[in-house]
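Which chain is which? The protein sequence lines are U and H, in order.
Under this note's numbering, think of the first position of the first sequence as 614, with each following residue one higher.
Under this note's numbering, think of the first position of the second sequence as 614, with each following residue one higher.
Scroll down for the structure; my scribbles are underneath it.
Number of protein chains: 2
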Amino acid sequence: MFELLKVDSQSKARLGKLHTGHGVIDTPVFMPVGTQASVKALDPRELLEMGTQILLGNTYHLNIRPGMQIMEQAGGLHKFMNWQLPILTDSGGFQVFSLAKIRKIKPHGVEFRSHLDGSPLFLGPKEAMQIQRTLGSDIAMVFDDCPPHGCTPREAAAAVERTIRWARECREQERVPGQKVFGIVQGGCDPTLRQKCAEELVRMKFDGYAIGGVSVGEPEHEMFKAVEMAEPFLPSELPRYAMGLGTPAQLVELVARGVDMFDCVLPTRVARNGTAFTKKGTISIKAGFAKADFTPIEEDCDCFCCQRFTKAYLRHLLNVNEILGLRMLSVHNSHLYLRVMKDIRTHIEAGTFSEYRTEFIRTYVPSQKVLKARVMHSLKVEDCG
Amino acid sequence: MFELLKVDSQSKARLGKLHTGHGVIDTPVFMPVGTQASVKALDPRELLEMGTQILLGNTYHLNIRPGMQIMEQAGGLHKFMNWQLPILTDSGGFQVFSLAKIRKIKPHGVEFRSHLDGSPLFLGPKEAMQIQRTLGSDIAMVFDDCPPHGCTPREAAAAVERTIRWARECREQERVPGQKVFGIVQGGCDPTLRQKCAEELVRMKFDGYAIGGVSVGEPEHEMFKAVEMAEPFLPSELPRYAMGLGTPAQLVELVARGVDMFDCVLPTRVARNGTAFTKKGTISIKAGFAKADFTPIEEDCDCFCCQRFTKAYLRHLLNVNEILGLRMLSVHNSHLYLRVMKDIRTHIEAGTFSEYRTEFIRTYVPSQKVLKARVMHSLKVEDCG
Numbered sequence: 614m615f616e617l618l619k620v621d622s623q624s625k626a627r628l629g630k631l632h633t634g635h636g637v638i639d640t641p642v643f644m645p646v647g648t649q650a651s652v653k654a655l656d657p658r659e660l661l662e663m664g665t666q667i668l669l670g671n672t673y674h675l676n677i678r679p680g681m682q683i684m685e686q687a688g689g690l691h692k693f694m695n696w697q698l699p700i701l702t703d704s705g706g707f708q709v710f711s712l713a714k715i716r717k718i719k720p721h722g723v724e725f726r727s728h729l730d731g732s733p734l735f736l737g738p739k740e741a742m743q744i745q746r747t748l749g750s751d752i753a754m755v756f757d758d759c760p761p762h763g764c765t766p767r768e769a770a771a772a773v774e775r776t777i778r779w780a781r782e783c784r785e786q787e788r789v790p791g792q793k794v795f796g797i798v799q800g801g802c803d804p805t806l807r808q809k810c811a812e813e814l815v816r817m818k819f820d821g822y823a824i825g826g827v828s829v830g831e832p833e834h835e836m837f838k839a840v841e842m843a844e845p846f847l848p849s850e851l852p853r854y855a856m857g858l859g860t861p862a863q864l865v866e867l868v869a870r871g872v873d874m875f876d877c878v879l880p881t882r883v884a885r886n887g888t889a890f891t892k893k894g895t896i897s898i899k900a901g902f903a904k905a906d907f908t909p910i911e912e913d914c915d916c917f918c919c920q921r922f923t924k925a926y927l928r929h930l931l932n933v934n935e936i937l938g939l940r941m942l943s944v945h946n947s948h949l950y951l952r953v954m955k956d957i958r959t960h961i962e963a964g965t966f967s968e969y970r971t972e973f974i975r976t977y978v979p980s981q982k983v984l985k986a987r988v989m990h991s992l993k994v995e996d997c998g
Numbered sequence: 614m615f616e617l618l619k620v621d622s623q624s625k626a627r628l629g630k631l632h633t634g635h636g637v638i639d640t641p642v643f644m645p646v647g648t649q650a651s652v653k654a655l656d657p658r659e660l661l662e663m664g665t666q667i668l669l670g671n672t673y674h675l676n677i678r679p680g681m682q683i684m685e686q687a688g689g690l691h692k693f694m695n696w697q698l699p700i701l702t703d704s705g706g707f708q709v710f711s712l713a714k715i716r717k718i719k720p721h722g723v724e725f726r727s728h729l730d731g732s733p734l735f736l737g738p739k740e741a742m743q744i745q746r747t748l749g750s751d752i753a754m755v756f757d758d759c760p761p762h763g764c765t766p767r768e769a770a771a772a773v774e775r776t777i778r779w780a781r782e783c784r785e786q787e788r789v790p791g792q793k794v795f796g797i798v799q800g801g802c803d804p805t806l807r808q809k810c811a812e813e814l815v816r817m818k819f820d821g822y823a824i825g826g827v828s829v830g831e832p833e834h835e836m837f838k839a840v841e842m843a844e845p846f847l848p849s850e851l852p853r854y855a856m857g858l859g860t861p862a863q864l865v866e867l868v869a870r871g872v873d874m875f876d877c878v879l880p881t882r883v884a885r886n887g888t889a890f891t892k893k894g895t896i897s898i899k900a901g902f903a904k905a906d907f908t909p910i911e912e913d914c915d916c917f918c919c920q921r922f923t924k925a926y927l928r929h930l931l932n933v934n935e936i937l938g939l940r941m942l943s944v945h946n947s948h949l950y951l952r953v954m955k956d957i958r959t960h961i962e963a964g965t966f967s968e969y970r971t972e973f974i975r976t977y978v979p980s981q982k983v984l985k986a987r988v989m990h991s992l993k994v995e996d997c998g
């Protein structure tokens, strides 16, 4: 199911192939986020053209709208949204703990009220797996307890206990044929908790392992540490997925720490604010400098946007609120993420990943604004990944 | 410049070819509206795929943003927005009279305040033609006085006087090589005024003639009458353009009355409200009936949207405010307008236009809501064509 083709000699970077019922995925891979059965502002053709191999969908959101009755009638998420390649579905754990304001944790899940209309809902291991069966995703995630950054050690320990228990319940649920299920390692910044959670989950034999609780408001160095704490306890022959991360530079660093899979709302979210990602950092296309700049966002970029439009035109579109502006920035940003992952794979294969990593980090200037845009507690409901 | 290939034997419908510096246009033609250098929600590839032959741009809007300094540096509107086919630019007359709230009509134009920031602006024949030179449009429109429906006969007469005088001033301005200039016939619902305006303009020898003041809040039958009043006085060997119209059924009826060119914001505007045009009228994709309707908007439609997506999926996208929803409805609606025009041309050529017209009008159920959406005085600024 997962072929580990090569491990970098100077880092933990891995080259692999992940086989699913809807095709083979080259790893390391970036997965564009289609929370509500659509990657914001993009269409399937644009996604295929930029080299998308797998999309994300979300249990929490899709269960509320359109609901599982419609999804069943549609014949699953692939057919509903007309996407033929693999889909990974998040379990809704993250959303229940971040979006739903009024909640009550029970032994077999969480009672909460819909962020939309306040109606009472219940999501637990059984329900999350049932929904993911209906969605028919290629990779389903277990239902976990994802506490916020800064919770007490007692809360962190309880969340890990619950995550392990719920993972076992998920493991016992039925699946659709070919569906893989990934465990999620929690444990915050506590190495003992991370190790314990990882070891318990590995004992349950999942098809892959995610590192959760790493995009919940913690500073970058803690996020790297959390990944470093969990990684040694994950089986090398299975894929590892760091959830909800990150900037392009963070992705390069996480690949070097042995991570194979990523998803992040940043490329499309910041696009809607007029921010473009480049290999050297982010630039605000709305800023004055772009006013009469008749060159593309990146000269060497072969995305649909850079092949057609200048910064001056894009700035105008953003200024006058034309949808094409945020569409094209979403195209460019998502394309950049996929291109960085492709470059990473090429360099791991060629044995030059360390040089690539050094050069990338040297030239990439991180933006505090963008780093903050990823923080959980600033999320608007409609933006959630 | 304009080849009149055929006139229908049972109506005034005409088949023609309009030659411009950026290519030949088959008429009757529908021109998608790109007011601010972008057809709302659509990209150039989508426009080309649906058979767009010519786009509209707007003097009033583009002069405010991005402004003529940027446009000059860009090398004109074609290059600025990366559109290689013909562009027709409206003169800004309609917008000055509909958008700019505080205005003072002067002998050589209109003093007004920007709808955006209230800054003082002046637009007259000289300025409008200067801006259209900078835009480098293939077809420029004269700067006219477009009074609202329901103005007094005195106001209507004054507007016609002014329109004629300003048309003469426009006629005397310089053009970019190959640029054609169309006169605009005003006169409201007064046959004497319409005739007078038409005759005076024809004497000035423009490259084509538009019928203006027909999308200013008047009921449908008055709109048809206004076109019928002006048409007999327009030279048959030149193209005729009915400005700002209309529904698909109105387009069929206006072709039958001898009109060759159309533009309208309806297809993209109603798309953003979740309304889809079909050959039988409009349907609200947000309505309950579409909830579990897993067929495309129109079974026999070959647009990008109908080839990929079901009504159930589109309804979901619209319900959860995903941009792809309004994008795809904009694609379908614009495609439908262009397809109707193509069908019209095919039927004129085959000599079966009258049968087509009868059948189209018989099966097309007009929607009052959509008819009202076109009314000038309900326009929101950001929506203006």
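Backbone N, C-alpha and C fix where the C-beta goes; we use that ideal spot for every residue, glycine too.
None of these values were measured; they are calculated from a predicted model.
- Relative to the Cα of U:R882, the nearest Cα in the group U:L927, U:V983, U:H721 and U:P766 belongs to U:V983.
- Following the DSSP letters along the chain, one finds U:V883 inside the alpha helix (DSSP H) bounded by residues L879 to A884.
- A direct Cα-Cα distance of roughly 8 Å separates U:T648 from U:L675.
- Residue-level contact check: U:P909 does not touch chain H, since none of the beta carbons of chain H fall below 8 Å from its beta carbon.
- The three-state secondary structure of H:P733, taken from DSSP, is strand.
- Under DSSP, H:L661 forms no beta bridge with any residue.
- Of all alpha-carbon atoms in U:H632, U:H721, U:Q745 and U:L655, the one lying nearest the alpha-carbon of U:E685 is that of U:Q745.
- By the CB criterion at 8 Å, H:L806 and H:V773 fall inside the cutoff.
- Within the segment 732-785 of chain U, the complete alpha helix (DSSP H) segments of 4 residues or longer fall at 738-748 and 766-785, listed in chain order.
- With a threshold of 8 Å between beta carbons, H:R882 makes no contact with chain U.
- Taking a cut-off of 8 Å on C-beta distances, the segment 873-880 of chain H does not touch the segment 957-969 of chain H, as fewer than three cross pairs fall below it.
- Following the DSSP letters along the chain, one finds U:K692 inside the alpha helix (DSSP H) bounded by residues L690 to M694.
- When the beta-carbon positions are compared, H:L736 and H:Y673 come within less than 8 Å of each other.
- Contact between H:L942 and H:A905 is absent: CB atoms are separated by about 19 Å, not below the 8 Å threshold.
- The bridge partners DSSP lists for H:L668 are H:I700.
- In this structure, the straight-line span from the alpha carbon of H:K809 to that of H:R784 is close to 18 Å.
- DSSP places H:H945 in no beta strand (DSSP E) but in the uninterrupted alpha helix (DSSP H) bounded by I936 to A963.
- Within the DSSP secondary-structure output, H:Y854 pairs in a beta bridge with H:A823 and H:M874.
- Using a Cβ-Cβ cut-off of 8 Å, H:K653 counts as an interface residue toward chain U, since at least one Cβ of chain U sits closer than that to its own.
- Judged by their CB atoms, H:G857 and H:S980 are not nearer to each other than the 8 Å cut-off.
- Cβ-Cβ separation between H:V815 and H:P848: approximately 6 Å, consistent with a contact (criterion under 8 Å).
- DSSP links H:T908 through a beta bridge to no other residue.
- Interface with chain U (8 Å Cβ-Cβ cutoff): H:I744 is excluded.
- Interface annotation, U:D913: not in contact with chain H, CB-CB separation never under 8 Å.
- One Cα belongs to H:F710, the other to H:V798, and the distance between them is close to 16 Å.
- Contact residues of the segment 694-706 of chain U toward chain H are M694 and N695 (C-beta to C-beta distance below 7 Å).
- At least one CB of chain H lies nearer than 8 Å to the CB of U:N932.
- By the C-beta density criterion, U:G636 is exposed, having fewer than 16 other C-beta atoms within 10 angstroms.
- The beta carbon of U:R928 lies closer than 7 Å to those of I898, K899, A903 and K904 in the same chain, with the five residues before and after it left out.
- CA-CA distance, H:R775 to U:G664, rounds to 58 Å.
- Residue range K924 to N932 is occupied by the alpha helix (DSSP H) that includes H:A925.
- Excluding its 5 nearest sequence neighbours in each direction, H:A650 has C-beta neighbours in its own chain below 7 Å: G670, L675, L690, F693 and M694, listed in chain order.
- Interface flag for H:D656 against chain U is set, since a Cβ pair is found closer than 8 Å.
- The Cβ atoms of U:D758 and U:Q792 do not sit closer than 8 Å to each other.
- For H:P645, the closest Cβ of chain U is not nearer than 8 Å.
- Taking a C-beta distance under 8 Å as the contact criterion, H:L701 and H:I667 qualify as a contact pair.
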